[in-house]
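Take the sequence shown: its position 198, counted from the start at 1, is 309 in the numbering used here, and no numbers get skipped. To start, the structure under review is shown below, and the notes come after it.
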Amino acid sequence: MAQIIDGKAIAADIRREVAAEVAALSSTHNVVPGLAVVIVGSRKDSQTYVNMKRKACAEVGIRSVDVDLPEDISEAALVAEVHRLNADPAVHGILVQLPLPKHINEEKILTEISIEKDVDGFHPLNIGKLAMKGREPLFVPCTPKGCMELLSRSGVTVKGKRAVVVGRSNIVGLPVSLLLLKADATVSIVHSRTPDPESIVREADIVIAAAGQAMMVCSSTTTNSQFTQYDAVSCNASHIAYSLLLSWLADQRGLDQARRCGYRCWDELGR
112 MAQIIDGKAI
122 AADIRREVAA
132 EVAALSSTHN
142 VVPGLAVVIV
152 GSRKDSQTYV
162 NMKRKACAEV
172 GIRSVDVDLP
182 EDISEAALVA
192 EVHRLNADPA
202 VHGILVQLPL
212 PKHINEEKIL
222 TEISIEKDVD
232 GFHPLNIGKL
242 AMKGREPLFV
252 PCTPKGCMEL
262 LSRSGVTVKG
272 KRAVVVGRSN
282 IVGLPVSLLL
292 LKADATVSIV
302 HSRTPDPESI
312 VREADIVIAA
322 AGQAMMVCSS
332 TTTNSQFTQY
342 DAVSCNASHI
352 AYSLLLSWLA
362 DQRGLDQARR
372 CGYRCWDELG
382 R
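So, in structure tokens, the structure goes:
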């Protein structure tokens, strides 16, 4: 029978734990962790994500360093800003909100972040270590790490399980696949060019949905019975409805459709 994972409850537990650790660090060593969040331009979706990060920092006692930069900032100026944050001893982590404007090379910017402050885990050295057996990155991309934490705290054994990742993005799909491999799962990746993805998903013990395409697997051909064999289903709802959410943010349309998409997947999981 499918196990429904309560992500909100687990997130609340983690935030309480982090808040206690931050308080202990402050009282024992007089150090308050500082997280610099760099945002370029005024994309509504990026603003939403950055505001969520700032709120999370406030809840656990982390100092949020807000770096809001104009859309037309030059690549060189952005690199200089990253270097400034690298050198700031009060900043312990740096997040550059993606995507960046088209005139800026994202890879170059991510490479310029100090590996010791690359809390997003996107520096090539961190990603490279994640991909190599016997190596451990200093930081792991947050959403993939969150997926693994959800499974762990829900009592799901990953070792020896068949895991299917729906999506192959650099931000979620690829790194979570690597984390599952490190945890000794047998991993398959389903993406927009995969023929008959339902047949692959049916064979899985664990499914992690991280695709920017609504209803990619939860379709009219997928029935409740096909989901009941899973030990766990980890659905990232923000990614399931991602394209719909962006449409709604842009012109206030599509919210009901996004909700229906989520409800339908929930029903098909055998609620």
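Beta carbons: idealized from backbone N, C-alpha and C, even for Gly. As the structure is a prediction and not an experimental result, all values here were calculated from the model.
Are the CB atoms of residue i and residue j nearer to each other than 9 angstroms?
i, j, result
"VAL176", "LEU196", "yes"
"VAL148", "LYS166", "no"
"ALA230", "PRO255", "Per the sequence shown, the amino acid found at residue 230 is Val instead of Ala. Contact: no."
"VAL151", "PRO181", "yes"
"SER280", "ALA321", "yes"
"PRO235", "ILE282", "no"
"SER303", "VAL275", "no"
"ALA142", "VAL171", "The sequence shown places Val at residue 142, not Ala. In this structure, VAL171 does not lie closer than 9 angstroms to VAL142 by Cβ."
"ALA203", "LYS240", "In the sequence on display, residue 203 carries His and not Ala. Taking 9 angstroms as the Cβ cut-off, HIS203 and LYS240 do not qualify as a contacting pair."
"LEU291", "MET259", "yes"
Kindly give me the distance between the Cβ atoms of residue i and residue j, rounded to whole angstroms, as I take these residues to be in contact under 8 angstroms.
i, j, result
"LEU206", "ILE220", "Not quite, the Cβ-Cβ distance comes to about 12 angstroms (not below 8 angstroms), so this is no contact."
"LEU146", "ILE173", "5 angstroms"
"ILE215", "GLU186", "5 angstroms"
"PRO248", "GLY266", "With 8 angstroms as the limit, PRO248 and GLY266 do not qualify as a contact, their Cβ atoms being about 26 angstroms apart."
"VAL269", "ILE238", "Contact flag wrong, Cβ pair sits at about 20 angstroms."
Which class does residue i belong to by DSSP, given the choice of helix, strand or coil?
i, result
"SER153", "coil"
"ASP179", "strand"
"THR139", "helix"
"ALA343", "Low confidence applies here, because ALA343 scores a pLDDT of 46, under 50, leaving its location unreliable; read the following figure in that light. Strand."
"ALA274", "strand"
"ALA130", "helix"
"SER322", "For the sequence presented, residue 322 should be read as Ala rather than Ser. Coil."
"SER310", "helix"
Figure out for me which residue from the options has the closest Cα to the Cα of residue i.
i, options, result
"GLN208", "ILE224, ALA198 and ASP199", "ILE224"
"ILE319", "ASP199, ALA198 and LEU289", "LEU289"
"LYS272", "ALA294, ILE184 and LYS119", "ALA294"
"GLY278", "GLU260, PHE250, ALA296 and VAL312", "VAL312"
"ALA201", "ARG127, SER137, ALA131 and LYS270", "SER137"
"ILE121", "PHE250, THR159, LEU261 and ASP183", "LEU261"
Under the rule that 16 or more other beta-carbon atoms within 10 Å means buried, what is residue i, buried or exposed?
i, result
"GLU314", "exposed"
"ARG154", "buried"
"LYS213", "exposed"
"LYS119", "exposed"
"PRO144", "buried"
"ASP307", "exposed"
"HIS194", "exposed"
"ALA296", "buried"
"GLY245", "exposed"
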